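Chains A and B are the protein sequences, given in the same order.
Under this note's numbering, think of the first position of the first sequence as 1, with each following residue one higher.
Under this note's numbering, think of the first position of the second sequence as 1001, with each following residue one higher.
See structure below.
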Amino acid sequence: MANLEVEYCGVKFKNPIVTASGTFGFGYEYNEYVSLNEYGGFGAKGLTRQPRGGNKAPRIAETPSGILNSVGLQNPGVEVFADVIMPDLAEKFDTNVIANMSGNTIEEYAEMAEILSDTDVAVIEMNISCPNVKHGGLAFGTNAAVVEELTKEVKKKCKKPLVVKLSPNVTSVTDIAKAAEAGGADGVSLINTLLGMRIDINTRRPILANNTGGLSGPAVKPVAVRMVHEVYNAVKIPIIGMGGVMSGDDVIEFMIAGARLVALGTGMFVKPDLILDVKRDILAYMDRFGIEDINDIVGTLELN
Amino acid sequence: MKKTYNCKLIRKEELCPGIFDFEIECPEMAQAAKTGQFLHITCGGSTFLRRPISICDTTDTTLRFCFQVKGEGTKELSLREVGDMIDVMGPLGHGFETVPGEKTVVIGGGIGTFPLLKLARETDSAVFLGFRTKELVVMEDDFKAASGNVTVCTDDGTYGYNGFAIAAMGEYLLENKVDRIFCCGPTPMLKAVKQIAEYRDIPCQLSLEQRMGCGIGACLTCVCETKDEGMGKYKQVCSCGPVFDSKEVVL
């Protein structure tokens, strides 16, 4: 039997497939289609220090092979997650939970890391790249010096592996990845969404109430794969790759580029049971090439 | 476990230019479907997301849904032919809540009339259907077979009651005691019905529409505004709705 188990930042994942924060709620909805236990882990909805209502609707617009969203981090707040949601998830499911947090200040990030460290989450993902909120988020993620400082301060309070989520909306993603590594990050995840806009030509107004939103789906996959490849060559910490995964072949592509874990996201809106197809495809690929251990393909890209 | 279904299109009709009436075969979904719920449909072509379309009616083995061609997705869907297979998630959402024995009003406008057919049949309702003009009046016979009290209205007076369905409903409410109002239609109609119902202290349920992602409550994109604050300020139309108590939502 081929081995799908992967170790990421010292945590065992039964397979390399996780989900992207913000596409998966807290897992309960998709658990009605496929047991959460099928996933190596899942990325829970992005949390903030206080509950947030999010942006006005419309929050979603279709684009060629993708979507724009501008949810704006609607969430119940880190304390409800830590006190109610995470204990329930830990009791009901046998899978790794990747918590995701966004802050307005360095202190807020550190405080949230402290709160989440006392829960059963496997990994904490630090979102410094949300394009849909006015404060924090992307403002942190585009400046290497700030990323290093933020990571360093959060690490002091964080007792779980800390993964920094990188934005593609930067001149050099490798500079930011190196800054996260220098600040002590245990891993990086990429890519968050690409900032975009769609206009209704009849009203001459943006379709999204927030005017702009984050692009995801197959449209962004080549950008994501390129960035994972660049970051893999720039840092030693392990990568969670994501962006437009629609199949097991896409997962393999990200892993060859250098990702140790790969997240499904927007694709699940179309196929809620995507994980099942993905796992079947991965096993078929491994069988075809005689690969016994999925870890053997990570970062095996050979350039032309 | 819930799943997606590959359903055969067994009947297709164009009710008036750009408005299509589809019937698909799927006993499991047909028997599970409640009035006011919707289907999340892969339209084909180069469209990516599924499109949410309300269930119009069901038999033991089939589901009927009607839609207007508005954008790429509905255009692609309209090109499907009888015998084609359609990928459908459903039935989804929180539908109308009916109480046996109640005297109710069902009011719909334009394409918002479609989700009300099954409801009209399952309740003791006075039904008010509003259309812009005579050429756009559809499914009148279906509604008349479902309910003994149907008033078709046209905004321009070219057919039936001369004026808005809301006006016809208003006249009816002056002379009849009603336990509940159900509405689906364009936002101005929803707003007016909400206002009338709350003024007269009649419980009222509204079926809302929003651009949608996952369809099951996870992605938080298809929200409507509510009177709550914090996390609950916006609720998912797909899973908390599409039918809401009128007092819960801010339109």
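Even for Gly, the Cβ is constructed at its ideal location relative to N, Cα and C.
Every value quoted in this text rests on a predicted model; they were computed, and no experiment measured them.
Proximity test, Cβ basis, 8 Å: Thr193/A and chain B: With its beta carbon at least 8 Å from every one in chain B, Thr193/A lies outside the interface.
Note down, in chain order, every chain A residue with its Cβ under 8 Å from the Cβ of Val1223/B. Gly54, Ala57, Arg59, Gln74
So, at 7 Å on beta carbons, what are the nonlocal neighbours of Pro58/A in its own chain, with the 5 sequence-adjacent residues on each side left out? Ile207, Leu208, Ala209
Alpha helix (DSSP H) runs wholly inside the region 229–291 of chain A, at least 4 long, in chain order: 248–257, 267–270, 274–288
Could you pull the start and end residues of the alpha helix (DSSP H) that Met1029/B belongs to? 1027–1032
Beta strand (DSSP E) runs contained entirely in the region 155–183 of chain A, provided each spans 3 or more residues: 162–165
Compare the Cα-Cα distances from Gly1185/B to each of Glu1013/B, Lys1177/B, Ala1165/B, Leu1173/B and report the closest residue. Scanning Glu1013/B, Lys1177/B, Ala1165/B, Leu1173/B for the CA closest to the CA of Gly1185/B turns up Ala1165/B.
Check the Cβ-Cβ distances between Tyr1234/B and every residue of chain A, and say whether any is below 8 Å. Tyr1234/B counts as touching chain A.
Is it buried or exposed for Gln1037/B, if we count other Cβ within 10 angstroms and need 16 for buried? buried
Supposed contact pair Gly248/A and Ile282/A - C-beta distance, whole angstroms, cut 8 Å: Contact between Ile282/A and Gly248/A holds, since their C-beta atoms are separated by about 4 Å, short of 8 Å.
Would you mind telling me which residues of chain B sit closer than 8 Å to Glu32/A, beta carbon to beta carbon, in chain order? Met1001, Lys1002, Ile1216
Beta-carbon separation (whole angstroms), Thr325/A vs Cys1219/B, contact threshold 8 Å: The first residue shown for chain A is 1 and the last is 304, placing residue 325/A beyond what the model contains.
Taking Cβ-Cβ distances shorter than 8 Å, what residues in chain B pair up with Asn69/A? Gly1213, Cys1219, Thr1221
State the start and end residues of the unbroken beta strand (DSSP E) segment that holds Thr1252/B. The question about residue 1252/B has no answer, for chain B in this structure spans 1001 to 1251.
Endpoints, alpha helix (DSSP H) assigned at Pro1188/B: 1187–1199
Could you say which of Lys1177/B, Gly1095/B, Phe1131/B lies nearest to Asp1124/B if we only look at CA atoms? Lys1177/B
Chain-ordered neighbours of Ser1046/B on chain A, where CB pairs are closer than 9 Å: Pro64, Ser65
For Thr1098/B, is the classification buried or exposed, using 16 other Cβ atoms within 10 angstroms of its Cβ as the cut-off for buried? buried
Could you give the DSSP three-state label for Thr19/A: helix, strand or coil? Of the three classes helix, strand and coil, the one that applies to Thr19/A here is strand, per DSSP.
Is there contact between the region 238–245 of chain A and the region 209–228 of chain A, where contact requires at least three CB pairs shorter than 8 Å? yes
Which residue from Phe1096/B, Phe1128/B, Leu1039/B puts its Cα closest to that of Phe1067/B? Closest by alpha carbon: Leu1039/B.
With DSSP run on the structure shown, which of helix, strand or coil describes Val1082/B? coil
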